Structures are given as C-alpha cells and as structure tokens.
Amino acid sequence: MWITAGCGTEQRLVQIYLPIAEISVNIFLILGMGGAVGFLSGVFGVGGGFLMTPILIFIGIPPAVAVATEANQIVASSVSGVLAHWKRGNVDFKMGFALLFGGIIGSSLGVELFSFLRDLGQLDLVIKLSYVVFLGIIGILMLIESINSSQQTKKREPVKRHTHNWMHGLPFKMRFRRSRLYISALLPISIGLLVGLLAAIMGVGGGFIMVPAMIYLLGMPTVIVVGTSLFQIIFVTANVTVLQAVSTQTVDVVLALLLLAGGVIGAQVGVRIGARLQGEQLRGLLALMVLGVCIKIGYDLVATPIDLYSIGMAGH
Amino acid sequence: MKALKYVFVCFTFVITALPTSGQELAIDLTKNAVPITANFIGSELMLYGASESGGDILVVVRGPNKNQTVRRKKKSAVIWVNDKEVTFLDAPTYYFLASTRPIGQFLTGDTAQKEQIGYPAMALIVKGAIDDSIIIEDFKRAFIRNKQKQGLYGEGPGLVSYKGKHLFRTRLKFPANVPVGNYNIDIYDFRDGKIINKESTVLPIQKKGIEAQVYNFAHKHSLTYGIVAILVAAMAGWLASVMFRKV
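Those protein sequence lines, which keep their order, are chains A and B.
Following this note's numbering, the numbering of the first sequence begins with 1 at its first residue and continues without gaps.
Following this note's numbering, the numbering of the second sequence begins with 1 at its first residue and continues without gaps.
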C-alpha cells in the first residue's frame with residue numbers, strides 16, 4: 001500500500017493521482033511498464049495484456065481497474081497492429097465476424113460474471129487462478145518449443161490442413177474464401193466465445209489462445225491468422241471497455257493513456273530490434289518471464305497470507 | 001515559514017478573541033478543504049486552538065461512513081480463498097484520534113461510549129444475520145488492523161501539544177488513498193474527566209480539476225465515457241501506426 005512519507009516537491013512532479021484507481025503512482029514507472037511490455041510485444045508479436053494486467057496488479061492497482069483499463073489499452077495496440085495486416089490483405093473479414101459474433105457474446109457474459117464475482121468477493125481469486133492456469137500452459141508450451149527448435153532435434157512436420165474429423169460433421173457449414181476453408185460456423189463462434197470470456201475476466205486480448213486455435217484447430221493459413229485475430233480483438237476489447245465502464249466504472253483513461261504512450265514507443269523499438277535478434281533464444285526468455293509471472297501469482301495464492309482478513313467495499 | 005507565520009497570526013487572533021468566561025474553546029485549521037488534484041500524494045494540515053481552561057484536549061476526525069466488508073481467507077485444498085464475511089454498516093472510512101495524554105487517563109468509559117471515542121467504543125454494526133461460527137470481535141479487530149495498515153485509522157496520545165498554557169495544536173495527516181467526502185472533526189476540552197467544551201468543524205476532501213471531471217464523467221455518463229475511451233484508444237493506435245510508418 002501507498003503511504004507517503006513526505007510532501008517533497010520533487011515527489012509531486014513524478015507522481016500522478018489516477019482518478020478511477022484512486023491511488024497515486026509514479027508517472028515514469030507506468031510509462032516504463034508500458035514501454036517494456038510494448039517492446040516485448042514488438043519483438044515477439046504478442047499482445048502483452050497477459051503480462052501487463054498482472055504487473056498492474058503487482059504495483060497496487062485494484063484488479064478490477066487493471067483488467068478493465070488494460071482492455072481499453074489493447075484496443076489501441078490492436079488498431080495499430082491490424083492496419084499493417086489489412087493493407088497486405090491478411091485479414092479474413094468473414095472469419096473475423098464469425099469469431100467476433102462469439103466474442104461479443106463471450107465478453108458480455110464475462111463482464112456480467114466479473115460484476116457477480118466482485119460482489120461475491122471472489123473476483124481477485126478467479127483472475128489470479130485464470131492467470132496461473134493460462135500463463136502456466138503457455139509458458140511451458142513456449143519453453144518446450146524453444147528448446148526443441150534451438151536443439152534442432154525435431155524437424156517440424158508441416159501442419160496438415162483439411163484433416164477430416166468430428167469437427168467436419170458439425171452443422172451450419174460456411175465457406176471462408178480468404179482462409180480457403182469450408183467449416184461449420186460454430187467452430188469460430190465457440191473459439192470467439194471462449195476468448196471473449198477470457199478477455200473480460202483477465203484483461204487480455206486473447207491472441208495467445210486464439211492464434212494457436214486458428215492454426216491448429218481451424219487449419220487457417222498462418223499469414224492471415226494474426227491480422228484476423230487482431231480484427232476480432234479490437235471489437236471484443238472495445239465491447240469489454242464499454243461494458244465495464246457502464247457496469248463497474250473501473251476503466252481509468254488516465255492510466256490507459258499513460259500505458260499506451262509508453263507501449264506505442266516500446267512496440268516500435270521492439271519491432272525494429274526484434275528483427276535483428278535471435279528468435280529462439282528470445283522466445284525461451286519470454287517463456288521464462290511468462291512462467292515467472294505465473295509462479296509469482298501462484299505462490300501468492302498458496303502462501304499463508306500475513307493477514308487472513310481483508311477489507312473490501314460491500315457489494316451494491 | 002509562511003505557514004508558521006500564518007499559524008502565529010491565527011494564534012494571536014484566537015487569543016485576543018477569547019472572552020473571559022473561563023470556559024472557552026476555539027479552533028481553526030490551516031486549510032479549510034483538501035483538494036485531490038492530479039499531483040495529490042496525500043496532505044497534511046495543522047489544527048490549532050486555544051482552550052481557556054488549559055485542560056486535556058482530544059481531537060477525533062471521522063471520514064465519510066460507508067458499508068465495508070471484512071473477509072476471512074480459508075485454506076481450500078492448496079490455495080487461500082475468501083470464506084466468511086461480515087459487513088459493517090456505515091463504518092467510518094477514516095478515523096483519527098489525537099490527545100494530550102493517553103485517553104484512559106482522563107476519559108471515563110461512559111463518556112467514551114457516549115461520544116464514540118476510541119476503537120472499543122466505535123459503533124461497528126453488523127449488517128444482516130451471520131452464522132454462529134463467526135466471532136464478530138475477530139472481524140472488528142481485523143477491520144481496525146487493516147485500516148491502520150492502509151494509513152486510514154490512527155490514534156496517538158501526545159499528538160496534541162500545548163504551547164504555553166492555553167494554545168494547542170495537532171497535525172492531521174491524510175494519505176494518498178484517502179476516501180473523498182466530508183470529514184467531521186470534533187475537539188473536546190476535558191477537565192476532571194468531564195467534557196467542559198466541544199467544538200466541531202467539517203473538512204471537505206474532494207477531487208478537483210481534471211480528477212473530478214474524469215471521475216464524474218465515468219460515473220454520471222458511463223456509456224459515453226466508455227465510448228470516448230475506446231475512440232481515444234483507437235485514435236492513438238491509428239496515430240501510432242501513421243507516425244511510425246513515415247519514420
């Protein structure tokens with residue numbers, strides 16, 4: 001917690017009081033965090049929400065504010081990302097709308113669930129548990145992949161598209177020309193739904209779930225996966241932002257602006273540097289960071305709290 | 001220095017303004033409001049006054065009342081989960097008590113109870129029915145302990161100091177996480193364990209300027225606020241991609 005020792009003028013210059021989070025934070029800390037996470041997303045092409053939200057919680061931003069505000073920031077980074085892909089024609093809009101349809105339903109349910117859990121006093125727990133589970137899975141998969149490819153022990157089999165299995169027996173088949181697929185619309189809708197739910201509860205875009213699902217589950221061509229997922233993320237996070245603003249009033253625009261100012265610059269630097277760095281080792285490093293965050297959150301859930309009691313505002 | 005001079009001038013004013021009845025108590029604050037602005041990192045102000053009797057002075061500051069819930073964690077399998085909860089109705093969000101001596105030395109239990117002075121006398125009323133396994137006292141203690149940790153509850157004997165026979169002062173501190181609202185400040189003058197005088201004043205702590213505008217916008221026009229938030233973000237994202245493409 002934040003107890004200020006003095007009222008020195010030098011301290012006043014770097015501190016800013018966030019109107020919604022209702023705490024005073026160091027401007028340069030927030031800009032730096034935005035820059036660092038933006039840099040990582042530039043290097044690795046990941047959204048960064050799954051790193052930013054837990055870091056915001058670590059520095060004392062209330063989890064509800066961290067999640068809702070991060071959704072707002074992701075709108076900015078996805079818009080900036082999707083434009084480049086759109087120009088190269090790497091967005092499958094039809095697929096995007098199918099994902100979005102599910103995404104809107106999922107994220108709307110997610111925000112409802114969010115308010116419900118908050119009133120119940122279990123919101124922090126659910127956010128943290130979701131992080132432990134998803135960061136754990138992603139971190140381990142990334143680590144394995146990076147170890148495998150750096151040792152060159154395995155030649156990766158090209159992903160086989162159009163394998164026929166149970167998924168092709170599903171109804172509501174639709175043709176997605178840009179993705180060269182003829183599959184049931186239920187598949188992208190359910191992926192979108194799950195990702196929307198996560199977006200609302202975890203304050204992430206969900207690209208880290210959606211991208212692998214689109215490649216391995218749907219069998220979409222890799223080139224259009226990122227653009228299409230960014231397209232969906234823009235509208236899902238926009239939906240989360242508006243719904244959170246209405247139902248919980250936890251979107252802090254001042255915090256979001258500071259984060260995205262740092263993030264935009266960091267991402268541009270990251271893209272340029274990332275092109276010159278050794279991919280696999282970096283990927284391994286990112287995996288370790290993801291696991292580090294996962295372990296920290298997990299440890300806090302397992303370790304005996306210093307005080308078993310805590311104060312929260314009463315549910316309305 | 002400027003503040004000190006101000007205090008001095010005020011002291012002089014207080015002294016000369018004192019009538020000669022022998023029972024007077026007069027107080028003032030160095031600030032009559034605490035604004036929460038963009039660079040707010042907490043605030044401190046002085047309360048000073050003059051008591052003709054020169055008795056024990058007790059200052060109680062209470063923040064706005066709110067329903068507040070205390071939750072207790074329980075180990076479930078391997079993780080700690082919020083389990084039992086107790087909601088206190090209209091409990092003070094801020095509570096500060098300063099006095100010339102430890103209150104036990106000049107205050108009787110009855111008076112403390114009647115005026116709700118000190119933690120034991122604080123009216124923490126439990127909302128609704130709770131099950132038998134809950135020990136309310138544990139939750140009350142936990143509530144006060146957590147509030148103290150947040151810097152929102154505090155008490156201190158000796159924090160009110162006399163300068164000379166009649167002039168006294170104390171420092172009031174409000175941390176950066178201070179809840180907004182009207183703060184009631186009560187000043188008691190004790191003589192032989194009895195309240196011979198009581199003065200009260202109100203100190204408003206409110207968000208001001210951009211802080212107030214953003215907050216009110218978010219709460220009063222939340223739909224518009226949400227839409228503006230995404231438009232601002234989308235614009236920023238678009239701007240970023242345009243700016244860096246040309247570099």
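Glycine is no exception: its CB is placed at the ideal position from the N, C-alpha and C atoms.
Computed from a predicted model, the values in this text were never measured in an experiment.
Taking all protein chains shown into account, decide if residue i is buried (16 or more other Cβ within 10 angstroms of its Cβ) or exposed.
i                      : result
residue 154 of chain A : At residue 154 of chain A the pLDDT is 47, less than 50, meaning the model places this residue with poor confidence and gives no usable figure here.
residue 299 of chain A : exposed
residue 129 of chain B : exposed
residue 85 of chain B  : buried
residue 192 of chain B : exposed
residue 221 of chain B : exposed
residue 112 of chain A : exposed
residue 182 of chain B : exposed
residue 70 of chain B  : buried
residue 216 of chain B : exposed
residue 24 of chain A  : buried
residue 92 of chain B  : buried
residue 273 of chain A : exposed
residue 125 of chain B : exposed
Going by Cα to Cα distance, which pick from the options is closest to residue i?
i                      : options                    : result
residue 26 of chain A  : A:38, A:72, A:60           : A:60
residue 198 of chain B : B:190, B:214, B:83         : B:190
residue 54 of chain B  : B:25, B:82, B:79           : B:25
residue 225 of chain A : A:38, A:13, A:85, A:40     : A:85
residue 174 of chain B : B:62, B:105, B:164         : B:62
residue 39 of chain B  : B:108, B:210, B:131        : B:210
residue 44 of chain B  : B:220, B:92, B:29          : B:29
residue 90 of chain B  : B:80, B:107, B:194, B:66   : B:66
residue 231 of chain A : A:89, A:13, A:44           : A:89
residue 203 of chain A : A:229, A:55, A:307         : A:55
residue 171 of chain A : A:177, A:178, A:182        : A:182
residue 213 of chain B : A:14, A:18, A:13           : A:18
residue 80 of chain A  : B:238, B:73, B:223         : B:238
residue 87 of chain A  : A:285, A:253, A:228, A:248 : A:228
residue 103 of chain A : A:139, A:287, A:188, A:91  : A:188
residue 317 of chain A : A:175, A:166, A:139, A:254 : Past the edges of chain A, shown from 1 to 316, lies residue 317 of chain A, and the structure says nothing about it.
residue 295 of chain A : A:220, A:135, A:247        : A:135
List, in chain order, every chain B residue whose beta-carbon is nearer than 7 Å to that of residue i.
i                      : result
residue 19 of chain A  : 207, 211, 214, 215
residue 308 of chain A : 72, 73
Would you please state the rounded distance, in angstroms, between the beta carbons of residue i and residue j? I believe it to be under 8 Å.
i                      : j                      : result
residue 70 of chain A  : residue 49 of chain A  : 5 Å
residue 33 of chain A  : residue 262 of chain A : 7 Å
residue 230 of chain B : residue 72 of chain A  : 7 Å
residue 184 of chain A : residue 173 of chain A : 5 Å
residue 251 of chain A : residue 226 of chain B : 6 Å
residue 187 of chain B : residue 59 of chain B  : 5 Å
residue 265 of chain A : residue 38 of chain A  : 7 Å
residue 243 of chain A : residue 108 of chain A : 6 Å
residue 180 of chain B : residue 207 of chain B : 6 Å
residue 233 of chain B : residue 256 of chain A : 7 Å
residue 203 of chain B : residue 96 of chain B  : 11 Å between Cβ atoms; not a contact.
residue 96 of chain A  : residue 194 of chain A : Actually they do not touch by this definition, with Cβ atoms about 16 Å apart.
residue 63 of chain A  : residue 143 of chain A : At roughly 27 Å, the Cβ-Cβ gap does not stay under 8 Å, so residue 63 of chain A and residue 143 of chain A are not in contact.
residue 78 of chain B  : residue 125 of chain A : Actually they are not in contact, since the Cβ atoms of residue 78 of chain B and residue 125 of chain A sit about 13 Å apart, beyond 8 Å.
residue 168 of chain B : residue 57 of chain B  : 5 Å
residue 208 of chain A : residue 67 of chain A  : Between residue 67 of chain A and residue 208 of chain A the Cβ distance is about 16 Å, and since that is not below 8 Å, they are no contact.
residue 179 of chain A : residue 221 of chain A : 6 Å
residue 259 of chain A : residue 57 of chain A  : That pair is no contact at about 14 Å.
Taking residue i as the query, report the chain B residues whose CB atoms sit under 9 Å from its CB, ordered along the chain.
i                      : result
residue 54 of chain A  : The contacting residues do not exist; residue 54 of chain A stays about 16 Å from chain B at best.
residue 125 of chain A : 79, 80, 81, 82
residue 26 of chain A  : In chain order: nothing, as chain B lies at least about 10 Å away.
Which residues in chain A sit within 7 Å of residue i, going by Cβ to Cβ distance?
i                      : result
residue 222 of chain B : 245, 246, 249
residue 227 of chain B : 242
residue 34 of chain B  : In chain order: nothing, as chain A lies at least about 12 Å away.
Name the chain A residues that come within less than 9 Å of residue i, Cβ to Cβ?
i                      : result
residue 147 of chain B : 311
residue 139 of chain B : 309
Can you name the residues of chain A whose CB is closer than 8 Å to the CB of residue i?
i                      : result
residue 143 of chain B : 309, 311
Residues of chain B with CB closer than 8 Å to the CB of residue i, please, in chain order.
i                      : result
residue 318 of chain A : No answer is possible for residue 318 of chain A: the residues shown for chain A start at 1 and end at 316.
residue 73 of chain A  : 233
Three or more C-beta pairs below 8 Å linking the segment 92-108 of chain B and the segment 151-160 of chain B: The segment 92-108 of chain B vs the segment 151-160 of chain B: in contact.
Any 3 or more C-beta pairs closer than 8 Å across the segment 196-207 of chain A and the segment 237-244 of chain A: Result yes; three or more Cβ-Cβ pairs closer than 8 Å.
Would you call the segment 128-137 of chain A and the segment 289-307 of chain A in contact, with 3 or more CB pairs under 8 Å? In this structure the segment 128-137 of chain A touches the segment 289-307 of chain A; the number of beta carbon pairs closer than 8 Å is three or more.
In chain order, what residues of the segment 236-251 of chain A put their CB closer than 7 Å to some CB of chain E? The question asks about chain E, but that chain is absent: this structure's protein chains are A and B.
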